[in-house]
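Chemist:
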């Protein structure tokens, strides 16, 4: 390599200096003349704008804005290049980014093609600059037995415009720049500290302000992850906490994975003295951002049992008694150390690693809510991951979202049973980005046994999509196919059914709790949550929206809930809330009796997709009309939030298909009169001529 001639090429500008190994500037690191002391280091300049900082700091010669600037470094001007092409004569000029053994000095027109094709076309662009590939010996490589040829081949690299790193591959360089952007390090070179406050963005949700980094929507690449698509999830959890706050005051609630602290801030800002909020995160940068967001929303912060009273954050002498406790520790540790009435788990991915700690110290009749975002495994796209995390065998079915909810609840029930606690499922929602489960904790071995018995296996027919839970008991049956209502095993060759699970076989919703959540959503003006809650209430009651009726949130005649409210039919002062931590045996027995009496009114398990069972060449009836047809036939029916075209009904699959065929019309009538298709056979069995379409 010949570093000294490279320094003499081109204009004497700061951009023409070639940095040495690991981005050190050769011009700045050269020795001082004999007898003179070394030059003192330049003092740190104040933070400038991005353009001013980029102009004030030196950059590598491979980083240029235009190809013409790169040609100027080689002493190749545009007029000289045009004249050389016309006269076909030119001086030999070397490449400023290649050593002599890599690219020898040549004519100007060849050098122009070399710079354009080898360096400029494969460059990495960032904020108007091009980071061209460099073949100079700036990057230290391991020696090889082959010799200089291998050294020159492996020495190609890129210089980062932000830091002093040298990256060999172009794809790695793009990822390196993206990581700088995700961390907010985009203003100048050699920045390793967190981004300044000026780069923060302030977002507002439900009257709560949070400041986040520009990469707030990129998971696993930022300390301040904030997903705007999870707003519905946060509102549902807030409604559940608001209902619990009406039962007992004050309640201690924990947001185990705070990130920006948006959820805990919403709890404290709207519920105020009814809750004592604790926001936890194991990342130090996240804890710092949570404290700043608390001051931004005029909240006091209690950190490590030392209260910080920031008068400036409160502003103008305004008095605010709201205090949020911010902790920095592992989620399992804080749930083992302290007891809470409400715990929310929202890790990145699965939450099974935190269930044992959550149920260890949660108080009786408390609530545990968890959000699982590992939808690739829960929705049967990565079945081996579901087996590893949940110990569950699953396949892709038409009811895969409800299957995912029952998988999570089964894991929750087993974790609670290990702590001698039972659960009552209050809410289970499975949408595009998450699976939300909210359960109430019932302390004691008897509720734990009852919950464990509801974890069963499911027999699923892969031919007709019929499904049924296995019968209780440990006896082995000779032919498990006999439990299925269909006869696909007898009419089709081979094995037609699979065993899925273990799954939760109980109810997924509590009607009384959902109605009170709807009441709280109306009280706090959560308009985006109200349509979903109305759908959930109808789904829990297995009725259509036409028959939906709203009444007071504490109507004793229509709202009964296990282990929550013990009221008399009289709406006097005697109908109060018993929210103590211990309940006498008589109340527990009455609760268990009511639980057994309400089992018959539970909503049917799973649903059918009307498109999945449609017939080729037939036009299906409208979904609302089809619901009326099933209701007129004497079956319970409702829509489901799991699938916009799903129908939850207690009708057998054979009757479902028969009614669907009866009210379907042919696509091409061919002279036939329009109207429902009348079958000459008995409508109860499935017509044999139409079986091949199913």
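Residue numbers (full-length UniProt numbering): 1 to 694. All C-beta atoms in this analysis are idealised placements derived from N, C-alpha and C, irrespective of residue type, glycine included.
(1) Just the C-alpha distance for residue 319 and residue 204, rounded to the nearest angstrom, thanks.
(2) In chain order, what are the residue ranges of uninterrupted alpha helix (DSSP H) at least 4 long that sit wholly in the region 483 to 546?
(3) In the DSSP assignment, find the unbroken beta strand (DSSP E) run with residue 469 in it and report its ends.
(4) Does DSSP put residue 159 in a helix, a strand or coil?
(5) For the ligand SAH, I want to know if residue 266 counts as a neighbour, meaning its beta carbon is within less than 7 angstroms of at least one of the ligand's heavy atoms.
(6) If I'm right that residue 302 touches residue 274 with Cβ under 8 angstroms, what's the distance once you round it to whole angstroms?
(7) Please name the residue, chosen from 453, 127, 620, that lies closest to residue 474 on a Cα-to-Cα basis.
(8) State the Cα-Cα distance for the pair residue 69 and residue 129, rounded to the nearest angstrom.
(9) Between the C-alpha atoms of residue 742 and residue 335, what's the straight-line distance to the nearest angstrom?
(10) Less than 8 angstroms between the C-beta atoms of residue 134 and residue 111, yes or no?
(11) I want to know whether the region 262 to 274 touches the region 293 to 300 - three or more CB-CB distances under 8 angstroms.
(12) Should residue 488 and residue 638 be called a contact, given that it needs their Cβ atoms to be closer than 8 angstroms?
(13) Residue range of the alpha helix (DSSP H) that residue 171 falls in?
(14) Please report the distance separating the alpha-carbon of residue 479 from that of residue 485.
(15) Alpha carbons only, please: which of 380, 170, 398, 286 is nearest the one belonging to residue 642?
(16) Whole angstroms is fine: what's the gap from residue 184's alpha carbon to residue 178's?
(17) Rounded to the nearest angstrom, what separates residue 636 and residue 291 at their Cα positions?
(18) Which value, in whole angstroms, describes the spacing of the CA atoms of residue 67 and residue 227?
(19) Tell me which residues share the same chain as residue 382 and place their Cβ nearer than 6 angstroms to its Cβ, disregarding the 5 neighbours each side in the sequence.
(20) When we look at the beta-carbon of residue 104 and count the other beta-carbons within 10 Å, is it buried (16 or more) or exposed?
(21) Got a sec? Which residues, its chain only, sit under 6 angstroms from residue 389 by beta carbon, not counting five neighbours each side?
(22) Taking only the alpha-carbon atoms, compute the straight-line gap between residue 166 and residue 158 and give it to the nearest angstrom.
(23) Here's the rule I'm using: 16 or more other beta-carbon atoms within 10 Å means buried, otherwise exposed. How should residue 99 be labelled?
(24) Can you give me the Cβ contacts of residue 405 inside the same chain, cut-off strictly under 7 angstroms, excluding the 5 residues immediately before and after it?
(25) Specify, as a first and last residue, the run of the alpha helix (DSSP H) that residue 377 falls within.
(26) Give me, in chain order, the residues of the same chain whose beta-carbon lies closer than 7 angstroms to that of residue 659; leave out the 5 immediate sequence neighbours on both sides.
(27) So is residue 655 buried or exposed if we call it buried at 16+ other beta carbons inside 10 Å?
(28) Return the first residue and the last residue of the alpha helix (DSSP H) that residue 389 is part of.
(29) Taking 7 angstroms as the limit between beta carbons, can you name the residues of its chain near residue 520, skipping five residues before and five after?
(30) So which of 530, 176, 325 has the shortest CA-CA distance to residue 515?
(31) Grab me the residues of residue 481's own chain with a C-beta within less than 7 angstroms of its C-beta, minus the 5 sequence neighbours each way, in chain order.
(32) What whole-angstrom Cβ distance do residue 280 and residue 371 have, given they're in contact under 8 angstroms?
(33) Please state the DSSP three-state secondary structure of residue 102.
(34) Give the DSSP-derived three-state secondary structure of residue 337 in the structure shown.
(35) Quick one: grab the DSSP three-state call for residue 474.
Modeler: According to the data block:
(1) Any reading at residue 319 is ruled out, since the residue's pLDDT is 38, under 50, leaving its predicted position unreliable.
(2) Taking only runs of at least 4 residues, the alpha helix (DSSP H) segments lying wholly in the region 483 to 546 are 488 to 491, 511 to 523, 530 to 541.
(3) 467 to 469
(4) It is a strand residue.
(5) The ligand content of the structure shown is nil, which means the ligand SAH is not present either.
(6) About 17 angstroms; that fails the 8 angstroms criterion.
(7) Comparing Cα-Cα distances from residue 474 to each of 453, 127, 620, the minimum goes to 453.
(8) 11 angstroms
(9) Outside the modelled stretch of the chain, which goes from 1 to 694, sits residue 742, for which no answer is possible.
(10) No.
(11) yes
(12) no
(13) Taken as a continuous stretch (DSSP letters only), the alpha helix (DSSP H) holding residue 171 covers 170 to 182.
(14) 13 angstroms
(15) The option with the nearest alpha carbon to residue 642 is 398.
(16) 10 angstroms
(17) Approximately 51 angstroms, taken between the alpha carbons.
(18) 40 angstroms
(19) Cβ within range, chain order: 376.
(20) exposed
(21) 350, 352
(22) 5 angstroms
(23) buried
(24) Once the five neighbours on either side are set aside, the close Cβ partners of residue 405 are 428, 430, 435, 437, 508.
(25) 375 to 378
(26) 629, 630, 633
(27) buried
(28) 383 to 390
(29) These residues qualify, in order along the chain: 239, 242, 243.
(30) The candidate whose alpha carbon is nearest that of residue 515 is 530.
(31) 489, 497
(32) In this structure, residue 280 and residue 371 do not form a Cβ contact; the two beta carbons are roughly 15 angstroms apart against a cut-off of 8 angstroms.
(33) coil
(34) Three-state result, residue 337: helix.
(35) coil
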